[in-house]
Structure formats: C-alpha cells, structure tokens
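The sequence shown begins at 6 in our numbering and counts up by one.
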Amino acid sequence: MTRRLLLIAALLAITAAPLSADPVLNFSSNTGASIVFASGGTFSFPTLSDFTIGTVSGSPLLNAFVGMTGDITGVFTIGEVTTVGPMQSAPVTGSGTVVIGDGVGGLFTMSFVPVNLMGLGAIGGINYTAAVNMAFVSYTGTVADFQEFAHSAAFIGATSIQFVQNETLTSLMDHGGATSFSGSIAGIPEPGSLLLLGGGLIGLAVIVRRSSTKQIQG
C-alpha cells in the first residue's frame, strides 16, 4: 500500500510540473528606435516606442503578444571592461522597466535589470549581447495570453538583447553611438515548480530502487 501511494504521489508531482519549453517573446527595435550609448559609459533606450514583438515560441504559444509594442525605460552604467582576445565584456548596473501594451488598453510591466554586456569581434562588425534579469510587476488588462505569461513563470524572466556595432565596447564608452537591436524575453519556471518536478523524480527513483532491491533479495 505504501509503495502504491508513493507511486501515485510521484506521478502527480511530475504531471503537475511544467515539462514543455517555456514561453518566449522575440522582439526587434522599431524604425527610428535604438539603443543609445553616451560618452562616459551609459546607455538607454530613449524612443517612446522601442520595439515590436514579431514572433513567439515555446509553450504555451502566446500569440496575442505578436505585433504588440513595448518600451524600455532607465539609464544603465557600464562598468570596467575586460578584454580577452576578440571578446570584451563588462558588468552593467542600473534598473528600469519594460512596458508592453496588450492592444486594448492593458499594460504588462516588468522590471529590467541589465547584468552584463559582451562584444565579440566578427566579420561585418562586433556582435554584442546584453544579459538582463526581469521580474513581473503587474498586468492591468484581461487578455488571456498576457495573464498566462504573468502567471506561468510567477514571474521571473530573462532577456537577451543583441546588436551589431563597428566600434569596440571601450570606444562606445568613450565616444558613444547608437544602433538598432533585437532580443527575446523568456519566462523561467518558479522554484516551486522545479521542486515539484524534482520531488516526483526522486519519488520514482525510490520506488525503482525498492523494486530492484526486492528482486535481488528474492
């Protein structure tokens, strides 16, 4: 009886935990919008409407986000640059917000906290990637896909922003510059969901081990 109850509990834990890929929103900067570097080592996204979500991926597939526009606020400071061969990287400090409209008056708001900026030399320019931590703040509307994205990750997110420049990171900090950009916003499962899945797998492992032990003893 105990073994049967343990098996049921393990299966319930696994089925309750999310096993599919997390939802991802892929975006690119709007015409005239850019990431702007100021001399002295700061950058921002000064345009009122910075980006449009072009595609979505993962599961659930949140199609209501496609075509929606967003805005990034805040000024961010680049720290000391480290150079290793063709790669330059630097920590980033500062915090801002990302606001995405749902098309019917609702606003989806997240914190936007860049962690680092890395540039790698390549043919045609330097490929840059900015890693950003995000956390869900609020959603004021009633669109189901927006509510799903807020609740599915509870909400912890990660953003990656890419752009290409002909200048090194050191040069951008010294002289400034501006360029278009693209990126993605991905939800990360809340720790409770990961623990739930882990608990289910551990439970199954215990059952398998007990069964194997009984077979050996028998």
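Ideal Cβ positions, reconstructed from N, Cα and C, are used throughout, including at glycine.
Residues bridged to residue i [DSSP beta-bridge criterion]
| i | result |
| --- | --- |
| residue 43 | 47 |
| residue 29 | 62, 191 |
| residue 95 | 122 |
| residue 112 | 106 |
| residue 82 | 47, 98 |
Span separating the alpha-carbon of residue i from that of residue j
| i | j | result |
| --- | --- | --- |
| residue 121 | residue 138 | 10 Å |
| residue 184 | residue 66 | 30 Å |
Residue of the options minimising C-alpha distance to residue i
| i | options | result |
| --- | --- | --- |
| residue 115 | 52, 151, 147, 132 | 151 |
| residue 187 | 58, 43, 174 | 58 |
| residue 267 | 60, 180, 53 | This structure gives no information on residue 267, because the portion of the chain shown stretches from 6 to 223. |
| residue 54 | 46, 74, 64, 108 | 74 |
Under the three-state DSSP convention, the category residue i falls into
| i | result |
| --- | --- |
| residue 70 | helix |
| residue 145 | coil |
| residue 76 | strand |
| residue 165 | strand |
| residue 38 | coil |
| residue 175 | helix |
8 Å Cβ cutoff met for residue i and residue j
| i | j | result |
| --- | --- | --- |
| residue 238 | residue 117 | Outside the displayed range of the chain (6 to 223) lies residue 238, so it cannot be described from this structure. |
| residue 177 | residue 81 | no |
| residue 56 | residue 38 | yes |
| residue 87 | residue 95 | yes |
| residue 35 | residue 62 | no |
| residue 40 | residue 168 | yes |
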